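To get the numbering used here, take the position in the sequence shown, counting from 1, and add 387.
Okay, so here's the structure we're looking at.
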Amino acid sequence: MVANLPPQFYQKEAELKKARTPQEKIAILEEMLAIMPKHKSSEKLQAEIKTKISRYRKEMEKPSPTARKAVVPHVEREGAGQLAICGPANSGKSSLLAALTRATPVVADYPFTTTLPLPGMLPYQDISFQLVDTPALSRSVSEPWLGEILRRADAWIFLFDLSSDALLEELEDSLLTLENFGLKQPGQFTFSRPIIWLGNKIDRPAAATVREIFRELYGQQVGSWLEISVQERRGVEKLPGKIFEVLRLVRVYTKIPGHPPDLKTPFTLREPASILDLAAAIHRQLPENFKYARLWRGESETPLVVGRDFLLQDRDIVEIHT
Ligand SMILES: Nc1nc2c(ncn2[C@@H]2O[C@H](COP(=O)(O)OP(=O)(O)OP(=O)(O)O)[C@@H](O)[C@H]2O)c(=O)[nH]1
Ligand SMILES: [Mg+2]
388 MVANLPPQFY QKEAELKKAR TPQEKIAILE EMLAIMPKHK SSEKLQAEIK
438 TKISRYRKEM EKPSPTARKA VVPHVEREGA GQLAICGPAN SGKSSLLAAL
488 TRATPVVADY PFTTTLPLPG MLPYQDISFQ LVDTPALSRS VSEPWLGEIL
538 RRADAWIFLF DLSSDALLEE LEDSLLTLEN FGLKQPGQFT FSRPIIWLGN
588 KIDRPAAATV REIFRELYGQ QVGSWLEISV QERRGVEKLP GKIFEVLRLV
638 RVYTKIPGHP PDLKTPFTLR EPASILDLAA AIHRQLPENF KYARLWRGES
688 ETPLVVGRDF LLQDRDIVEI HT
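This is how it looks when you write it as structure tokens:
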């Protein structure tokens with residue numbers, strides 16, 4: 388028992404028992420240390436308090452076991468192009484993914500349902516696109532990795548709710564988030580990826596008036612947009628063709644001399660694509676050994692003999708000679 392401890396000391400001791408966080412405990416222990424008399428008989432107590440302080444300091448440095456690990460999600464690319472479905476909360480992004488692919492995202496009528504990206508494959512003729520559902524684009528919730536997901540995508544499907552009475556605020560919030568990510572030029576309608584604009588929920592009566600407001604305020608800048616209802620599957624059928632157009636894809640079928648062409652699995656390249664780009668896509672060493680190519684285009688049965696810089700068109704059939 389240490390002599391001459393002031394009554395406040397005992398008061399602090401009682402407070403210490405109630406304190407819950409290490410920060411609170413450290414603060415109280417430091418006060419106790421300050422108010423206690425410093426003489427020989429209190430040395431042991433002083434040391435004990437100092438040990439406790441350093442123990443709580445260590446505890447504060449340790450990450451708490453319940454703290455969420457920082458997740459930086461990444462989506463492995465697949466197919467002929469990667470498209471991120473982005474836009475304001477609750478606009479129907481996950482519903483769109485569910486409608487067009489076999490993915491099974493959570494869909495709910497409250498905002499910010501989606502917290503992680505989720506991919507799904509959308510078939511189109513003999514190729515397929517990868518759609519990636521993403522969490523809502525909003526300054527208050529969007530994490531930096533969402534910017535990275537968008538940056539890695541080839542194009543964006545920007546989905547907004549044409550029946551929402553808060554559409555203008557929602558659009559502004561999403562567009563400013565893109566600016567913050569460095570994916571939109573500040574104050575301009577210029578983005579770092581091509582965008583397919585989709586106005587959803589046109590099945591709802593409110594869409595009639597919201598559409599006019601959107602047209603007036605954004606029509607010119609956006610240029611063209613598709614109006615859809617994911618719920619009623621209206622307008623969504625136009626999306627795959629639109630994606631193909633926006634990605635400026637060229638499908639090329641290859642042929643081995645003396646064999647029929649492989650018309651099942653085309654190589655997909657982005658315009659402008661040359662014979663050399665195709666050779667590189669087939670095999671890393673092929674461009675080095677390339678001599679000439681024979682190319683069939685359209686209905687013609689007579690092949691053209693072409694060199695490395697010849698530009699390819701969709702559905703060309705090519706036979707490379709080394
Ligand atoms: N009326 C109508 N409702 C729709 C349509 N598409 C989606 N919804 C509804 O809108 C709500 C939100 O849909 P989600 O697909 O979860 O929207 P989200 O954009 O993924 O939402 P967050 O992940 O929260 O950003 C759900 O209740 C859907 O059923 C549509 O075309 N018409
Ligand atoms: Mg969602």
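Glycine residues also receive a C-beta, built at the ideal position from the N, C-alpha and C atoms.
None of the values given here were measured: they were computed from a predicted structure.
Nearest-angstrom Cβ-Cβ length linking Ala593 and Ser550, presumed shorter than 8 Å | To locate residue 593, count along the sequence shown from 1; it is residue 206. To locate residue 550, count along the sequence shown from 1; it is residue 163. Contact flag correct, Cβ pair sits at about 4 Å.
Cβ-Cβ separation, Thr488 to Gly474 (assumed contact under 8 Å), whole Å = Position 87 of the sequence shown, counted from the start, is the residue given in the question as residue 474. Position 101 of the sequence shown, counted from the start, is the residue given in the question as residue 488. That belief does not hold up - the Cβ atoms of Gly474 and Thr488 are roughly 17 Å apart, past 8 Å.
Is the closest heavy atom of ligand 1 to the C-beta of Lys625 under 8 Å?
-> To locate residue 625, count along the sequence shown from 1; it is residue 238. For ligand 1, not one heavy atom lies less than 8 Å from the Cβ of Lys625.
Is the Cβ-Cβ distance between Lys399 and Ile422 less than 9 Å?
-> Within the sequence shown, residue 399 is the residue found at index 12, counting from 1. Within the sequence shown, residue 422 is the residue found at index 35, counting from 1. Cβ distance < 9 Å, so Lys399 and Ile422 count as in contact.
What separation, rounded to the nearest whole angstrom, lies between the Cα atoms of Ala495 and Lys449?
-> Translated into positions along the sequence shown, residue 495 becomes position 108. Translated into positions along the sequence shown, residue 449 becomes position 62. Roughly 37 Å between the two C-alpha positions.
Using beta-carbon positions only, say whether Ala540 and Ile583 come within less than 9 Å of one another.
-> For the purposes of this step, residue 540 is taken as residue 153 along the sequence shown, with counting starting at 1. For the purposes of this step, residue 583 is taken as residue 196 along the sequence shown, with counting starting at 1. Not a contact, by the Cβ cut-off of 9 Å.
Can you name, in chain order, every residue of its own chain whose Cβ lies under 7 Å from the Cβ of Thr564, other than the five neighbours on each side?
-> Residue mapping note: residue 564 aligns to position 177 of the sequence shown, counting from 1. These residues qualify, in order along the chain: Leu524, Ser525, Arg526, Ser529.
Say yes only if the C-beta of Ser481 is nearer than 8 Å to one or more non-hydrogen atoms of ligand 2, and no if none qualify.
-> Walking along the sequence shown from the start, residue 481 turns up at place 94. Result yes, Cβ under 8 Å from ligand 2.
Should Val493 be listed as close to ligand 2, given that the test is whether its C-beta is under 8 Å from any heavy atom?
-> Residue 493 sits at position 106 when you count from the first residue of the sequence shown. For ligand 2, at least one heavy atom lies less than 8 Å from the Cβ of Val493.
Using CA coordinates, which residue listed in Glu624, Tyr640, Gln672 is at the minimum distance from Leu699?
-> As a working note, residue 699 is residue 312 in the sequence shown. Ranking the options by Cα distance to Leu699, first place goes to Tyr640.
Reduced DSSP secondary structure (H/G/I, E/B, other) of Gly622 | Here residue 622 refers to the residue found at position 235 when the sequence shown is read from its first residue. Coil at Gly622, not helix or strand.
Measure the CB-CB distance between Asp703 and Val637 and report whether it falls below 9 Å.
-> Stepping through the sequence shown from its first residue, residue 703 is reached at position 316. Stepping through the sequence shown from its first residue, residue 637 is reached at position 250. Yes, the Cβ-Cβ distance between Asp703 and Val637 is below 9 Å.
Please state whether DSSP places Asn676 in a helix, a strand or coil.
-> Numbered from 1 along the sequence shown, position 289 holds the residue referred to as residue 676. Note: Asn676 maps to helix in three-state DSSP.
Taking Cβ to Cβ, would you say Leu537 is nearer than 9 Å to Ala471?
-> Counted from its first residue, the sequence shown places residue 537 at position 150. Counted from its first residue, the sequence shown places residue 471 at position 84. Their beta carbons are under 9 Å apart, which means Leu537 touches Ala471 by this criterion.
C-alpha distance - Ala680 paired with Thr652, whole-angstrom precision | Taking the first residue of the sequence shown as 1, we reach residue 680 at position 293. Taking the first residue of the sequence shown as 1, we reach residue 652 at position 265. Approximately 19 Å, taken between the alpha carbons.
Buried/exposed call for Thr501, threshold 16 Cβ in 10 Å | Sequence index remark: in the sequence shown, residue 501 carries index 114 (1-based). The residue in question, Thr501, is buried, as its Cβ has 16 or more Cβ neighbours within 10 Å.
Would you call Ser478 buried or exposed, if buried means 16 or more other Cβ atoms sit within 10 Å of its Cβ?
-> On the sequence shown, residue 478 is found 91 positions in, with the first residue counted as 1. The residue is buried, with at least 16 neighbouring Cβ atoms inside 10 Å.
Exposed or buried, Ile662, counting other C-beta atoms within 10 Å across all chains shown (16 or more means buried)?
-> In the sequence shown, residue 662 corresponds to position 275, counting from 1. Result: buried.
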